[in-house]
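Asks: In our numbering, the protein residues as written are 2 to 307.
Even glycine gets a Cβ: it sits at the ideal position worked out from N, Cα and C.
My questions all concern the structure below.
Listed below in structure tokens is the structure:
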């Protein structure tokens, strides 16, 4: 080794990991300065909306990235906002529509008020409704509040348009509570709201006869269903069982090759749902003929053609 080699130390380029580590150290120092400042006498003047990323970039929680998207409603409504000016015994529907559209929430007391009033009304209804046209029949919503608003936009204002919903109001979407309530009840509100929502579901009618011609039902028919009177006699005020007529009304499906089945059986075990049955075209025709009905209108499944 030459004297020149001995006097000139080798220059080792910094590795990527060491560079990142130095950046982290700088960031940690900045964070530490903020924390120490927060612990000191300047606690009240510290700005907790400012944060430093690992890249050393300063960001603010008050700055919206997509400025054209309005922020969610931060405050729960006052009772003056919640109740209608025209009828103080009822909620202000127009206010609630806009409040939920902005992702707003209610107080627990307000949520319970709506659910309890709805339950009182539902309990007075029959297990099978007898309805006349005109009537707009809608299928599954699955907690999609914005889809519900679109339905009202296309179908007409509920104040002047009559709607019949065939179930599956909740689950999957983010706005089950805004639509009617359930899974989100404990997360957005409380256990009490959840229990009240479950009670309201148990009060929902199971089916409807429209114009004395159409059976409107969520799932379908059952080997235990011979007449509409069988549905009327059911005790619906309970959790749906795992088998039987009530279960089938909610869970049954038509066979996949409906009208072109390769079986002569009217009913086949529904292995897809894990309960209830698949029913054949001939089973549906036999039921309709016996009950002097024209058709079955159902939900429970998405249709490719709408």
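#1: Do the segment 228–247 and the segment 202–212 touch if we need at least three Cβ pairs shorter than 8 Å?
#2: Decide yes or no for the touch test of the segment 69–77 against the segment 95–103: beta carbon pairs closer than 8 Å, at least 3 of them.
#3: What is the DSSP secondary structure of residue 27, counted as helix, strand or coil?
#4: Which class does residue 208 belong to by DSSP, given the choice of helix, strand or coil?
#5: The beta strand (DSSP E) that contains residue 52, what's its start and end?
#6: Pick out the complete alpha helix (DSSP H) segments inside the segment 210–263, 4 residues or longer, and give them in chain order.
#7: I'd like the list of long-range same chain contacts for residue 1, defined as Cβ closer than 6 Å, with 5 residues on each side in sequence excluded.
#8: Once you ignore the five residues that flank residue 133 on each side, which residues in its own chain have a CB closer than 7 Å to its CB?
#9: Assuming contact is defined by CB atoms lying nearer than 9 Å, are residue 282 and residue 261 in contact in what I supplied?
#10: Would residue 199 pass as a contact of residue 297 if the rule is Cβ separation under 9 Å?
#11: Is residue 202 helix, strand or coil when you go by DSSP?
#12: Please confirm whether any heavy atom of the ligand PLP lies closer than 8 Å to the CB of residue 136.
#13: With distance defined between alpha-carbon atoms, name the residue in 61, 220 and 286 nearest to residue 274.
#14: Look at the Cβ atom of residue 190, then the Cβ atom of residue 79, and state whether they are nearer than 9 Å.
#15: From the beta carbon of residue 271, is the nearest beta carbon of chain B less than 9 Å away?
#16: To the nearest angstrom, how far is it from the Cα of residue 264 to the Cα of residue 168?
#17: Kindly indicate which three-state DSSP category residue 139 falls into: helix, strand or coil?
Replies: With the structure as the only source:
#1: yes
#2: yes
#3: No answer about residue 27 holds up, because its pLDDT of 49 lies below 50 and its placement is not dependable.
#4: strand
#5: 51–53
#6: 229–233 and 246–252
#7: Nothing about residue 1 can be read from this structure; the chain reaches only from 2 to 307.
#8: 212
#9: yes
#10: no
#11: helix
#12: Inclusion of the ligand PLP in the displayed structure is not the case, the ligand content being empty and no account of it being possible.
#13: 220
#14: no
#15: Among the protein chains of the structure shown there is no chain B, as only one such chain exists.
#16: 30 Å
#17: strand
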